[in-house]
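K.L.:
Once you've had a glance at the structure underneath, I'll fire off some questions.
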């Protein structure tokens, strides 16, 4: 039985094994997003100043580590004429897989550091966030870079992304299970649950990367043997000058001239902000807009659906991308977000069923858009390679540069959201009893009763006006993005020709 299972694993398609890596990230990251703020605010009782300091330092590190790690990984690929031996595609893939096999288990271990109090809450908050994000960044960079390195055609990349979405949906089931063990008063069951998730992630990363490495080591060895056999037939072009490697300043200058890259990161900054805004404030919206009108089980269902449905919905979006193109699908999702928000605003906060649908669908469509944008980045990798005639696509570095500009949205989301809520309603989540500490001139009971309608109204305005503003900004920037249609086809054809053009000339016999 065990041997048969191993045989099945060895014969799994590459796309399935690649997609399974998303499972071992999502089972941890969804739980992290849902509970880390509540854990430090409600369980460890972090003070407001420490929270803001931690988020500010995290903002800086979160933005800088992506391009830093991308540069360290891919700087060797930037020159158009490399000194020394050419790096083959299997070697590039193996390099990515080695990085994943090391950083995947470390990412799982860093996840566990959140759920045990081992230092002052402010210090632990800062260290845990930076450590967790460092390993998550390394995993995301190399996993996303493989999407560009394993395939060039839109069809193949869509297939790879399909399995990523499928396994991410399976990984989101951890949100349902976490709801059953989450208890602020008794943290033991939740900690055991997190340990089990981390063990599954460690085993999964080790097994998946090992399977992929064995597959590409065989491909790399075959290519090396073929090149050795035919070496005498190649003309050595000794007269061709060897270019020096491009410096970081020169690379940044190249990016500053990459028009589509600039418009894309403007749009994606808003998208990252909106995704994390929904994640951070979803429990708050449920509590103050729906808690007295729906059952606890309904709230749990909405919470779970909001994490699983984006991945399942993305399977349909990917089929649309095959027919209509990624650009058209993303543009349609922006218009849909705007239309739904306007309808919800006109309906008002008293339409309970419509409010439930909107809260869930807002997160579903926003997260679904995020999942599609990796395909756009892989197209930008192709355009960068063609525009600058690189020897190899610097895919991890370009993903890192996108994150440099867009990752601040992840930190801005809780900061701007809490500031807007406090400015409009006086509600401060850092107060131990926020409803009883806003209007000091009134008795405590009257204060809570008087604030509740205002707080509910403030949550509703946040819920509808944030997506309206985000959709308008995104439609403006996305209309300037030109890497679609015939231009995209031309770029992919040129990348194929550049790749094929790397084969040395054969002697005339």
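Numbering (UniProt numbering), first residue to last: 1 to 509. Where is the CB? At the ideal position from N, CA and C, for every residue including glycine.
1) Would the beta-carbon of residue 67 fall within 7 Å of that of residue 404?
2) Let me know the secondary structure DSSP gives residue 480 once reduced to three states.
3) Which stretch, first to last residue, makes up the alpha helix (DSSP H) that contains residue 52?
4) In its own chain, which residues sit with a C-beta less than 8 Å from the C-beta of residue 491, not counting the 5 before and 5 after it?
5) Are the CB atoms of residue 137 and residue 65 within a distance shorter than 7 Å?
6) Check whether the stretch 118-138 and the stretch 46-63 touch, using three or more Cβ-Cβ pairs below 8 Å as the test.
7) Beta-carbon within less than 7 Å of residue 406's beta-carbon, same chain only, minus the 5 sequence neighbours each way: which residues are those?
8) Take the Cβ of residue 55 as the centre, count every other Cβ of all protein chains shown within 10 Å, and call the residue buried at 16 or more, exposed below.
9) Could you tell me if residue 120 is buried or exposed, where buried requires 16 or more neighbouring beta carbons within 10 angstroms of its beta carbon?
10) Would you tell me roughly how many angstroms separate the C-alpha atoms of residue 122 and residue 42, rounded to the nearest one?
11) For the alpha helix (DSSP H) that contains residue 250, what are its first and last residues?
12) For residue 545, which residues of its own chain have a beta-carbon under 6 Å away from its beta-carbon, when the five flanking residues on both sides are left out?
13) DSSP three-state label for residue 11, please.
14) By Cβ distance below 8 Å, which residues in the same chain neighbour residue 336 in space, the five residues on each side in sequence not counted?
15) Please go through the same chain and pick out, in chain order, the residues whose beta-carbon is closer than 7 Å to the beta-carbon of residue 26, but skip the five residues on each side of it.
16) Would you check if the stretch 148-163 and the stretch 88-104 touch, i.e. whether three or more CB-CB distances between them fall below 8 Å?
17) Since residue 183 is in the alpha helix (DSSP H), which residue starts that stretch and which ends it?
18) Is residue 98 near the ligand ADP, with its Cβ less than 6 Å from a heavy atom?
19) Whose CA, out of 276, 471, 195, lies closest to the CA of residue 409?
20) My assumption, with CB atoms under 8 Å, is that residue 472 sits in contact with residue 255. Please give the rounded CB distance.
21) Cβ of residue 215 within 7 Å of Cβ of residue 97?
22) Count the C-beta pairs between the stretch 95-114 and the stretch 192-208 that are closer than 8 Å, then say yes if the count reaches three, no if not.
23) Using CA coordinates, which residue listed in 194, 279, 106, 143 is at the minimum distance from residue 412?
24) For residue 302 and residue 247, what's the separation of their Cα atoms in angstroms?
25) Three or more beta-carbon pairs under 8 Å between the stretch 345-363 and the stretch 292-311, yes or no?
26) In chain order, what residues of the same chain lie with their CB nearer than 6 Å to the CB of residue 178, ignoring the 5 residues before and after it?
27) Pair every Cβ in the stretch 312-325 with every Cβ in the stretch 152-165, then say whether three or more of these pairs are closer than 8 Å.
28) Whose C-alpha, out of 34, 145, 285, 326, is nearest the C-alpha of residue 182?
29) Taking the CB atoms as reference points, tell me whether residue 415 and residue 285 lie closer together than 7 Å.
30) Does any CB atom of chain C fall closer than 7 Å to the CB of residue 35?
31) Have a look at 489, 342, 58 and flag the residue whose alpha-carbon is nearest the alpha-carbon of residue 470.
32) Pick helix, strand or coil for residue 118, following the three-state DSSP scheme.
33) Might you give, ordered along the chain, the residues of its own chain that have their beta carbon closer than 8 Å to the beta carbon of residue 53, omitting 5 neighbours on each side?
34) Taking the runs of the alpha helix (DSSP H) that are 4 residues or longer, which of them lie wholly in the stretch 252-287?
35) In whole angstroms, what separates the C-alpha of residue 47 from that of residue 40?
P.N.:
Based on what the coordinates show:
1) yes
2) coil
3) 48-74
4) 379, 382, 383, 386, 483
5) yes
6) yes
7) 265, 268, 269, 272
8) buried
9) exposed
10) 13 Å
11) 248-256
12) With the chain covering 1 to 509 only, the question about residue 545 has no answer from this structure.
13) coil
14) 365
15) 168, 171, 172
16) yes
17) From DSSP, residue 183 is part of no alpha helix (DSSP H); its letter is neither H nor E.
18) You won't find the ligand ADP in this model; it holds no ligand whatsoever.
19) 276
20) The pair is not a contact, with the Cβ atoms about 26 Å apart (cut-off 8 Å).
21) no
22) yes
23) 279
24) 49 Å
25) yes
26) 31
27) yes
28) 34
29) no
30) Structure shown: chain C not included; a single protein chain is present.
31) 342
32) coil
33) 122, 126
34) 259-285
35) 9 Å
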